[in-house]
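4 protein chains.
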Amino acid sequence: MRRICVIVTARPSYARVKTALEAMRDHPAIDLQIVVAASALLDRYGRVVDVIRKDGFEVAAEVYSVLEGGAVAQSVRSVGIGLIELASVLSRLEPDAVVTIADRYETIANAIAASFMNLPLVHIQGGEFTGSIDNKVRHAITKLADVHLVASELARHRVVSMGEDPRYVINTGCPSVDLAAEVARDPGLDFDPFERYTGTGPSFDLSGGYVVVLQHPVTTEHDDAFEQARISLDAVRALGKPVFWFWPNVDAGSDGTSKALRMFREREGDRPFHFFKNMLPQDFLRLIVNSDCLIGNSSVGIRESAFLGVPVVNIGTRQNGRERGPNVADVAHDVDAIRAAATRQIAHGRYPASHIYGDGRAGVRIAEELARVELTIEKRDFLVPAGAALGLVEREGL
Amino acid sequence: MRRICVIVTARPSYARVKTALEAMRDHPAIDLQIVVAASALLDRYGRVVDVIRKDGFEVAAEVYSVLEGGAVAQSVRSVGIGLIELASVLSRLEPDAVVTIADRYETIANAIAASFMNLPLVHIQGGEFTGSIDNKVRHAITKLADVHLVASELARHRVVSMGEDPRYVINTGCPSVDLAAEVARDPGLDFDPFERYTGTGPSFDLSGGYVVVLQHPVTTEHDDAFEQARISLDAVRALGKPVFWFWPNVDAGSDGTSKALRMFREREGDRPFHFFKNMLPQDFLRLIVNSDCLIGNSSVGIRESAFLGVPVVNIGTRQNGRERGPNVADVAHDVDAIRAAATRQIAHGRYPASHIYGDGRAGVRIAEELARVELTIEKRDFLVPAGAALGLVEREGL
Amino acid sequence: MRRICVIVTARPSYARVKTALEAMRDHPAIDLQIVVAASALLDRYGRVVDVIRKDGFEVAAEVYSVLEGGAVAQSVRSVGIGLIELASVLSRLEPDAVVTIADRYETIANAIAASFMNLPLVHIQGGEFTGSIDNKVRHAITKLADVHLVASELARHRVVSMGEDPRYVINTGCPSVDLAAEVARDPGLDFDPFERYTGTGPSFDLSGGYVVVLQHPVTTEHDDAFEQARISLDAVRALGKPVFWFWPNVDAGSDGTSKALRMFREREGDRPFHFFKNMLPQDFLRLIVNSDCLIGNSSVGIRESAFLGVPVVNIGTRQNGRERGPNVADVAHDVDAIRAAATRQIAHGRYPASHIYGDGRAGVRIAEELARVELTIEKRDFLVPAGAALGLVEREGL
Amino acid sequence: MRRICVIVTARPSYARVKTALEAMRDHPAIDLQIVVAASALLDRYGRVVDVIRKDGFEVAAEVYSVLEGGAVAQSVRSVGIGLIELASVLSRLEPDAVVTIADRYETIANAIAASFMNLPLVHIQGGEFTGSIDNKVRHAITKLADVHLVASELARHRVVSMGEDPRYVINTGCPSVDLAAEVARDPGLDFDPFERYTGTGPSFDLSGGYVVVLQHPVTTEHDDAFEQARISLDAVRALGKPVFWFWPNVDAGSDGTSKALRMFREREGDRPFHFFKNMLPQDFLRLIVNSDCLIGNSSVGIRESAFLGVPVVNIGTRQNGRERGPNVADVAHDVDAIRAAATRQIAHGRYPASHIYGDGRAGVRIAEELARVELTIEKRDFLVPAGAALGLVEREGL
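Chains as they are written, first to last, in this note's numbering: chain A, 1 to 398; chain B, 399 to 796; chain C, 797 to 1194; chain D, 1195 to 1592.
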């Protein structure tokens, strides 16, 4: 029986691994310990911890660590607080391995806590590429991690390129696609979004189509967050379609994005823009698979939408370097460009499914790997090519 | 005028960059800000901060972060506290770049604080290889860093292999060798160690030769620290030579090492073993260049001693994967093996100088690079080989 | 020249000591160091730090410490972070005395940091009484403080009763009344609130009168915060007057209060309720002196309003135990009671001025005391009555 | 069944409440949760946590919080870290009341964590008086606490004088005296100190008598700690008796005291001075009841020694303001005065027992009170005398 501790720090991370958590909970050789941390505990971001409990998971510990204020120094302090708390939590839970997901800034705390405490670290979704600090965080976690469960062949190639031992870099596909596969089997919009999620702004009729927007601030461009949100608001307004708009993750810059949304609401509160904080992942996927177009910079546009064939307008640099299916149109932060691309995508309609991010069984594969893989903290280093003429004598451990 | 903030966290880090700090202080285009943190502030480790001030440097901030106790969870909490403090320090100092040195666990805080605050991060001595958690820390810092000033060609090769932009990976040589070069020009033992440093244990006559021991706990083997220190004590005692022994760095396991030393002192306090906490770097180099043999696992045995030609017995895994000159004999933690190797090295005497870690001008080169190199936080990623048939369209920023 | 460090942690604290800060800044024997901390730095609470700078004060340090989430455990963690930061700030500023104001939870960090670092601690506004945790905090700070500058004779009596040396308990009056005195000399509403402060909600005509509401959550009743805010909203709506409503301080429970206000806004956004985050203190006093009634549980209703003669409806337990002028009507959290009391107060109109909280020169007196009073950390303890037959021999220091 | 959480932060605190902990563990209506924190976890101070476990108690949580270095700023940071950790620990344990003991600096964290989290706070040993920062800490905790279990009638009088509700101030006697009463029933020295505790320094024959020294640094005089320890060493050496000397608690100044002891040991290591870190409380009491004199500034000299009749030389201000039995001679930090007083006390021999600190049943009384007393966080405030002509209308809660 292996104690596997999975640390969930944000709404999208949970969505991304939910099927893996279910498979772990049900696996006879795994004792699952879920730690919920950071923005996953906050009202402002929909308290995903409540969703997790409602989904039938037990929460082994909560780690509050988010300091108020959008300034970048706060992300540093929040990681610091997360470390202090995780030291106690991991000392108490004594897991056999710690799992951290993706690349949000606060996840570096998970990786440091585990590796410094000599606990084998498993990283889900390494080897991706994005256009912000997430990139540095993700690759740094790769170098701290002992096992890598990646989401695509390109990701595997990239992790191995960084000198990781190929035996510990395993392409499981992305568990977020598992949910998409489930939704795709019966894709009707089987709920009323206004009723189930309230939100703010006017209700509207969905029968004439609608678009969905999900745009996060980009950490290295956080001073532009307000302006970038304003541009997207202008472009989307010009489409003349009803809109479901989602608030951003907590992050350096999220105050800027939120401010733009609030200003819009106050000035143009009668337009058919409805704002949600949060939605159950399956409901969100149903919402976008029935939409005319998904607009913004969320990874959902790249991954789940590839499988679902949803037309996507991907804005700016946040998803740079990720493999795309044919369903994605990339544009810059420009009112006209966004509007034109969205118009074309709406006209095109749904695309055929792409399996570049998995076939819908990633969750089960992740649980199996976690039950099977050798758990060690002694990593071999593959940086120096075998036989390189560098005057280096072979030694144990190298 | 660039504000360059260098964070010094430990005695050996300072020794390693002292000539670079002098060159920065004297450089007309650099405004040097020295932050002293972690064990560099503690009595137990010789308060290097006092040495730094005595050497004529101004200290811009002190960051106390070391929690008491040798358990691994404490290193996690100490990084947490370091982050909270550094967020404030860097907000106040507003540097144009932050420099972190080498790979001790607490330096990950420097790297996170700088990169999360969108400050260009310069890493000195990336691309090395050692046999412990330092390895993970060092490579993780490489992935967070924007500029890499490495100490050897092998190190440069390794950093580039991890996907770093070759234009920002510069082999300056190791500044620790600068001091060695200076000492080598006039290598006499021009001071009385007992008088200048007091220490504890009996004094003895140096004219018949002596050995020097410097052995640190290995983080991933911290439970063995006590036993490893005991083995070395037994082996060195058997040589029948007077001994200068240095206390270890603060680290997971240092309590074990220190305990073994204290027990030895209490039981065999009349033997010619003299214990020092600390020594000025130039004095330490003079001490070893005049010794019969340097024993332990310090990087000084690998780097400075290569230039100086000091016979070295390197014990255990801590220096695994580092290039060696001909002066190094590697042995395991074994009383007989250590004793035999030391006997051979004492018989051999000094070796010719090797330049694998630099020619003695690294400090000046580092200052020049810091004044010259483009400072940016937008790193290009070289992980995907150009032209790779991976179905990935070239995009800006990739 | 004495370095006096004043730590401001919240909007109302600044309002309360502004004239004292001005008098310190202008005093030839005082070198004023202002540290801004906690909610005084947050957008959500109007970033008072910006007001402080705009008022011409230099800010010596900023201390971010508020963790997100309304749960009581967060206030504990926030004090913890405040302490870690203040240790560094006070080490750097090296003040001759530290001044902390009133009784908000986070101010205990100021008191601990100063007293543990052997810095004389001055407490402004000890000896008050309120109905929540503030009471415990305030009296605990009294026992940590060396000098007490209190706001009324009753307050002085209470501090001395706790065993403090009467020579160090000085009634200066409350500096918040200084501003009230200034406003009272020329009480016209000389600005347009909608224009100067924007806020949210409809604009309205002021000529027919209006009421002002300022209601904070009560820490020991934080689960009731939502319901208490809802009751006040119902009662005030029933008055049929236009309303200026202010958002609450950050505190355990503030999420509940804020939620009630947001729900009201969304459902009844067309009523003449205008919401402000914050206002310059003098503007706020002008606003209330021209209002028909001030409703809620703010200390402004007790202090400044006593001098100004504003009719006040004070709701609930938050101001329990504070002296009142004749202008205050106390009511419970009850829709009818609030409505009835407000109707009577509106009918009554302004009251004559009361000087129970000072005559308008408290700021100058505080500065003079800080320049004059002996600064020592060796407190005499007056708990054992002189001559008490307790078998205790008189000893030095007792 | 009440969950009572007792937080133990140091060796002497545990000694002081051990019989109370036993009585709580055995009480049918109490579910005891022991949290061990701060120096009670450190090797340097004898890891009392191991003793606690060996005594058969379960430890519900460990809170590491001590930062390295003797500077006063570290005590502030350590309280900060303690708060962050305690917030999580108390959230998890959900006690019905929290018990904190005495007045060491780090215990303010216990009091803040409990009171801010709306948990009833019980303070053991309020109302004492000492000559340092402990005084401020203790009285501040009194004002945060809801229930006070004090050790003497004078202490009760003092707590009530500070405005606490007399119904919640209960004189249970001091549980440290329970152990003394047990030892007094059969006071022979039934173990060999050298054999059981090792320690450092020469062994000696006990049959000719010996003295015991226990001297802590005084926080407000921490710069004098080194000199004060040196004076005591000189005075005790002059007595010509063998000496058992105990290392001090971790505290601001303990580095100074420790340095003086280490210097003495290195220079005069052959004298009959034997140094111990720590001893089981009952063994320590046996050691002193069989000694010729107890010298220093420990509270053991005041309390347990009163019951046991041990002749005591109490040095300096640390125990100022505590009631004394006839067995105590007070002296200043002066070599001659200490020597002279010790000579007189040695000549006098044992004193008759005094019950000022209890009759030996305090532990049982404390457990009974904790099972019985009303647990509330709504404290009545007795600062304003009933019927005082202060124009204050009686209100609920006042």
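Note that beta-carbon positions come from the ideal geometry of N, C-alpha and C, so glycine has one too. Since this is a predicted model, take the numbers as computed values, not measurements.
Assuming the contact rule is C-beta atoms closer than 8 Å, residue i and residue j should be a hit. Round their C-beta distance to whole Å, please.
i: Val610 (chain B); j: Leu637 (chain B); result: Contact flag wrong, Cβ pair sits at about 12 Å.
i: Ala909 (chain C); j: Leu879 (chain C); result: 6 Å
i: Lys1054 (chain C); j: Pro1044 (chain C); result: The sequence shown places Ser at residue 1054 (chain C), rather than the Lys named in the question. Between Pro1044 (chain C) and Ser1054 (chain C) the Cβ distance is about 7 Å, and since that is below 8 Å, they are a contact.
i: Ala819 (chain C); j: Ala1163 (chain C); result: 4 Å
i: His1410 (chain D); j: Phe1438 (chain D); result: 16 Å between Cβ atoms; not a contact.
i: Val137 (chain A); j: Ile108 (chain A); result: 5 Å
i: Ala97 (chain A); j: Pro120 (chain A); result: 4 Å
Identify the contact partners of residue i in chain C, using a Cβ-Cβ distance below 7 Å as the criterion.
i: Ile1327 (chain D); result: Ser911 and Phe912
Show which residues of chain A have a CB atom less than 8 Å away from the CB atom of residue i.
i: Leu837 (chain C); result: Gly69
i: Arg873 (chain C); result: Tyr64 and Ile81
i: Thr618 (chain B); result: Asn118, Ile377 and Glu378
If you reduce the DSSP assignment to three classes, tell me which class residue i lands in.
i: Val678 (chain B); result: Sequence inspection shows Leu at residue 678 (chain B); the Val mentioned does not correspond to that position. DSSP places Leu678 (chain B) in coil when its eight states are reduced to three.
i: Gly296 (chain A); result: strand
i: Ile686 (chain B); result: helix
i: Phe1576 (chain D); result: coil
i: His1333 (chain D); result: helix
i: Asp270 (chain A); result: coil
i: Leu773 (chain B); result: coil
i: Leu440 (chain B); result: coil
i: Asp544 (chain B); result: coil
i: Phe244 (chain A); result: strand
i: Ala1547 (chain D); result: coil
i: Phe1060 (chain C); result: helix
i: Leu119 (chain A); result: coil
Could you tell me which chain D residues have their CB closer than 7 Å to the CB of residue i, listed as they occur along the chain?
i: His935 (chain C); result: Lys1337
i: Ser957 (chain C); result: Gly1357 and Leu1577
i: Ile904 (chain C); result: Ile1306
At 7 Å on the CB atoms, spell out the chain A contacts of residue i, in chain order.
i: Asp1051 (chain C); result: Asp43
i: Tyr503 (chain B); result: Phe116
In chain A, which residues lie with their C-beta within 9 Å of the C-beta of residue i?
i: Gln921 (chain C); result: Under the 9 Å cutoff, chain A gives no residues; its nearest Cβ is about 25 Å from Gln921 (chain C).
By the criterion of Cβ-Cβ separation under 8 Å, what are the contact partners of residue i in chain D?
i: Gln472 (chain B); result: Tyr1258
Below 9 Å on C-beta distance, what does residue i contact in chain D?
i: Asp1177 (chain C); result: Phe1323, Asn1329, His1333, Arg1352 and Gly1515
Taking only heavy atoms of the ligand GTP into account, decide whether any of them is closer than 7 Å to the Cβ of residue i.
i: Arg799 (chain C); result: As far as ligands go, the structure on display features none, and thus does not contain the ligand GTP.
Mind listing which residues of the region 406 to 433 of chain B have their C-beta closer than 7 Å to chain D's C-betas, in chain order?
Taking a C-beta cut-off of 7 Å against chain D, none of the residues of the region 406 to 433 of chain B qualify.
What are the uninterrupted segments assigned as alpha helix (DSSP H) that are 4 or more residues long and contained completely in the region 53 to 117 of chain A, given in chain order?
72 to 93 and 107 to 116
Check each residue of the region 82 to 102 of chain A: if its Cβ is closer than 9 Å to any Cβ of chain D, include it; give the result in chain order.
Ile84, Glu85, Ala87, Ser88, Val89, Ser91 and Arg92
Considering only residues of the region 970 to 1030 of chain C, which uninterrupted alpha helix (DSSP H) runs meet the minimum length of 4 residues and lie entirely inside it, listed in chain order?
971 to 981 and 989 to 993
Between the region 42 to 69 of chain A and chain C, which residues of the former have a C-beta closer than 8 Å to a C-beta of the latter?
Leu42, Asp43, Arg44, Tyr64, Ser65, Val66, Leu67, Glu68 and Gly69
Please go through the region 299 to 350 of chain A and give each complete beta strand (DSSP E) segment of 3 or more residues, from N-terminal end onward.
312 to 315 and 328 to 331
At a Cβ cut of 9 Å, what residues of the region 180 to 205 of chain A count as close to chain C, listed as they run along the chain?
Thr200
Which of the residues in the region 1060 to 1090 of chain C, read from start to end, lie with their CB under 7 Å from any CB of chain A?
Glu1062
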